[in-house]
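Chemist:
Chains as they are written, first to last, in this note's numbering: chain F, 2 to 339; chain B, 2 to 339.
1. With residue 36 of chain F and residue 108 of chain F assumed to form a contact (beta carbons below 8 Å), what rounded beta-carbon distance in angstroms separates them?
2. Taking Cβ positions, are residue 7 of chain F and residue 38 of chain F nearer each other than 8 Å?
3. Ends of the alpha helix (DSSP H) at residue 77 of chain F?
4. DSSP on residue 206 of chain B, reduced to helix/strand/coil?
5. Could you list the residues in the region 222-234 of chain B with a C-beta less than 7 Å from some C-beta on chain F, going in chain order?
6. With burial defined as no fewer than 16 other Cβ atoms inside 10 Å of the residue's Cβ, what is the status of residue 34 of chain B: buried or exposed?
7. Which runs of the beta strand (DSSP E) spanning at least 3 residues fall entirely within the region 68-129 of chain F, listed in chain order?
8. Taking only beta carbons into account, state which residues of the region 258-288 of chain B come closer than 9 Å to chain F, listed in chain order.
9. What is the DSSP secondary structure of residue 45 of chain F, reduced to helix, strand or coil?
10. Return helix, strand or coil for residue 22 of chain B, following the three-state DSSP convention.
11. Can you check whether the C-beta of residue 252 of chain B is within less than 8 Å of a C-beta belonging to chain F?
12. Between which residues of its own chain and residue 324 of chain B is the CB-CB distance below 7 Å, once the five residues before and five after are set aside?
13. With residue 198 of chain B and residue 159 of chain B assumed to form a contact (beta carbons below 8 Å), what rounded beta-carbon distance in angstroms separates them?
14. Quick check on DSSP: helix, strand or coil for residue 192 of chain F?
15. State the DSSP-derived secondary structure class of residue 175 of chain F, mapped to helix, strand or coil.
16. Which residues bound the beta strand (DSSP E) around residue 9 of chain F?
17. How should residue 206 of chain F be labelled, buried or exposed, when 16 other C-beta atoms within 10 angstroms of its C-beta is the threshold for buried?
18. Within the continuous alpha helix (DSSP H) that includes residue 247 of chain F, where are the two ends?
19. Going by C-alpha to C-alpha distance, which of F/64, F/102, F/16, F/90 sits closest to residue 30 of chain F?
20. CB-CB under 6 Å to residue 86 of chain F, same chain, minus the five flanking residues each way: which ones, in chain order?
21. What would DSSP say about residue 335 of chain B, mapped onto helix, strand or coil?
22. Quick one: give me the first and last residue of the alpha helix (DSSP H) that residue 50 of chain F is part of.
23. Provide the residue span of the beta strand (DSSP E) that contains residue 276 of chain B, from first to last.
24. What is the residue span of the alpha helix (DSSP H) that residue 139 of chain B lies within?
25. Looking at residue 264 of chain F and residue 230 of chain F, is the spacing between their C-beta atoms short of 8 Å?
26. Would the beta-carbon of residue 165 of chain B fall within 8 Å of that of residue 134 of chain B?
27. Kindly indicate which three-state DSSP category residue 288 of chain F falls into: helix, strand or coil?
28. Do three or more CB pairs link the region 300-318 of chain B to the region 139-148 of chain B at distances below 8 Å?
29. With a 10 Å radius around its C-beta and 16 neighbouring C-beta atoms as the bar for buried, classify residue 66 of chain B as buried or exposed.
30. Please report the straight-line C-alpha distance between residue 286 of chain B and residue 182 of chain B, rounded to a whole angstrom.
31. Keeping to the same chain, check which residues put their C-beta closer than 7 Å to that of residue 4 of chain F; ignore five residues upstream and five downstream.
32. Name, in chain order, the residues that DSSP records as bridge partners for residue 228 of chain B.
33. Per DSSP, what are the beta-bridge partners of residue 199 of chain B in this structure?
34. Please state whether the Cβ-Cβ distance between residue 73 of chain F and residue 51 of chain F is less than 8 Å.
35. Sort F/184, F/149, F/187, F/155 by Cα distance to residue 175 of chain F and report the nearest one.
36. Going straight from the alpha carbon of residue 139 of chain F to that of residue 282 of chain F, what length do you get?
This is the structure we're talking about:
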């Protein structure tokens, strides 16, 4: 059996996360039992939710245990199999974690998903045609529930979720405005992803200035907002919401390090009869088939061209992850392991 | 035609509202035209939403115009009629405003509603079997959507909305916890209104202490919250919400005077996958018949015994209203005009 490089959570962050929270180790992969398969990971997905799991406090999920392999989505290939469902050579997506190989109980529902790489590259099953894509789909379709011609806004616009959100929104005849950090990302959002406009939040140090920028970009007001960041960006979009506006709360990356991040004007929820709803896509498995089908077609037809930031080698994962939390990535952040 | 005492909004508050914002005048009531009726008001309803209308900024409704009769719900009797729909002697509820008489276009949809005072006293049509009661009904039934055995919380518990909320919640097999100001109100909430527990927020100057009080009163956590006040009370309840908790946002009285009133931990919306939804009951006229029917039966059967604070005479309205904003009323605040 091959040697397996793994990254463990060694200790919990106090304030911002750092590379010293992680530890790289090498272990043996165990022999397979009946119904198990050995997957060689080609790609590891890095996602903001992992930061929440690093804290000791229970968030919406249990904390990542110390001394164990960091949780994470993986795409790879079955290289040994004692399960007829997943023969050697099958391309699969699962939650293998921050390591090169994983042994998976093939019979466990949802543990592994076989994917077809004819029209969709394997890595995209961790992004546009995977959890981030379905996240965008759920927030847009099930919470924002937009009508043709309405205006929707998404923060972290060029990320995996944001870019999928844009393609899904354009397919529904919506105006889509992004919020991202830096001129390069904003240009990319408009030129490549198809956003109608993109606001560079880094140009606005004062809430009033950012609020005006949202207003200028959304002359008819905002009907739906997909929240990835929280804080000042959330306040600025809320100030521009139309009556009966909907906010899908998917992430509040601005608050992960424990800094207080209030919502400045909750009275707007009443004044504009808004709905603000938090969700976790893994609790809505019933929508995945429909969402993945649409996302797969958008990618195969070229209407969704997801960008990827690819770090090389497992040992690069911690720095890539810390960069993601600071918005240094550009598109879906992956680690290539093969 | 009788002389008509009226109270106008004379100028807008800067900060807290005061008696000097209002002006008492006397005018003639005009002769009736075809299809008009003259209503003598027996009761004027005083409600927190009026404070929002006194501000110049557009909230969810247009501001109350200066120099005009203050908006307000009224219950009274038709004393002259040129409409076959509303004969002299009919008991009616409408939006007559802060005055003794009003001339109403009887044909205008929703302008007047005939009520039956056999089993329900006229004044209750401004409270438990009127707008406040339907407000409680909508928030509980349409937004909180509780399941039997769940725990719901309401702030301003002994007010017109809170007491109706309690009766509606008990009828659905829920645990109901109130939040009110002062030991007298809390005792009344438990002894007379049927709350399972009531928290005196005035005993808690620190958010942590109030949060613990909510926790102690709701050992199984909070599944639904009916928000009437905002501020620290909202934060304390949010900190105790269960996964998939719902908050119906009906009022944020704590913020009407322009003081900033942030929501301290909006990240809880994500962590607990909460839904926070604002509403105005006048935008949901389709539910009124069903809601009024249930509320009327609860009052007629004695299961909902609404308490009233009754000020005497129109000139007492401003002080009674200012008292309401400070929580000095006890139960539904009315002004008796006859």
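The beta-carbon is built from N, C-alpha and C at its ideal position, and this holds for glycine as well. Please read all numbers here as calculations on a predicted model, not as lab measurements.
Modeler: Short version:
1. Correct: roughly 5 Å between the Cβ atoms.
2. The beta carbons of residue 7 of chain F and residue 38 of chain F sit no closer together than 8 Å.
3. Residue 77 of chain F -> not in any alpha helix (DSSP H); beta strand (DSSP E) instead, spanning 75-82.
4. Here residue 206 of chain B sits in coil by DSSP.
5. Of all residues in the region 222-234 of chain B, only 231 place a beta-carbon less than 7 Å from a beta-carbon of chain F.
6. By the 16-neighbour rule on beta-carbons within 10 angstroms, residue 34 of chain B is exposed.
7. Every beta strand (DSSP E) stretch that sits fully inside the region 68-129 of chain F and reaches 3 residues is listed by chain position as 75-82, 92-95, 102-106, 113-115.
8. Along the region 258-288 of chain B, going in chain order, the ones with a CB nearer than 9 Å to a CB of chain F are 261, 262, 263, 264, 265, 266, 267, 268, 269, 270, 271, 272, 273, 274, 275, 276, 277, 278, 279, 280, 281, 284.
9. Here residue 45 of chain F sits in strand by DSSP.
10. It is helical.
11. So, interface residue.
12. Excluding sequence neighbours, residue 324 of chain B sits near 330.
13. In fact, because the Cβ distance is near 13 Å, the residues do not count as touching under 8 Å.
14. Three-state result, residue 192 of chain F: helix.
15. Of the three classes helix, strand and coil, the one that applies to residue 175 of chain F here is coil, per DSSP.
16. Counting along the chain, the beta strand (DSSP E) containing residue 9 of chain F begins and ends at 4-10.
17. With a threshold of 16 other beta carbon atoms within 10 Å, residue 206 of chain F falls short and is exposed.
18. Boundaries around residue 247 of chain F are those of the beta strand (DSSP E), 242-250, since no alpha helix (DSSP H) includes it.
19. Closest by alpha carbon: F/102.
20. Spatial neighbours of residue 86 of chain F in its own chain (CB-CB distance under 6 Å, excluding positions within 5 residues in sequence) are listed in chain order as 107.
21. DSSP places residue 335 of chain B in strand when its eight states are reduced to three.
22. Unbroken alpha helix (DSSP H) run through residue 50 of chain F: 50-55.
23. Its beta strand (DSSP E) spans residues 276-279.
24. Counting along the chain, the unbroken alpha helix (DSSP H) around residue 139 of chain B starts and ends at 132-139.
25. The Cβ atoms of residue 230 of chain F and residue 264 of chain F lie no closer than 8 Å to each other.
26. Yes, they are a contact pair.
27. Residue 288 of chain F carries a helical assignment under DSSP once its states are collapsed to helix, strand and coil.
28. As far as the Cβ criterion goes, the region 300-318 of chain B does not touch the region 139-148 of chain B, which means the pair count is below three.
29. Taking every protein chain shown into account, the CB of residue 66 of chain B has fewer than 16 other CB atoms within 10 angstroms, so this residue is exposed.
30. Rounded to the nearest whole angstrom, the CA to CA distance from residue 286 of chain B to residue 182 of chain B is 32 Å.
31. Hits under 7 Å: 27, 29.
32. Among the bridge pairs identified by DSSP, residue 228 of chain B is matched with B/250.
33. In the DSSP assignment, residue 199 of chain B forms a beta bridge with B/179.
34. Yes, Cβ-Cβ distance for residue 73 of chain F and residue 51 of chain F is below 8 Å.
35. The residue with the shortest Cα to Cα distance from residue 175 of chain F is F/149.
36. In this structure, the straight-line span from the alpha carbon of residue 139 of chain F to that of residue 282 of chain F is close to 7 Å.
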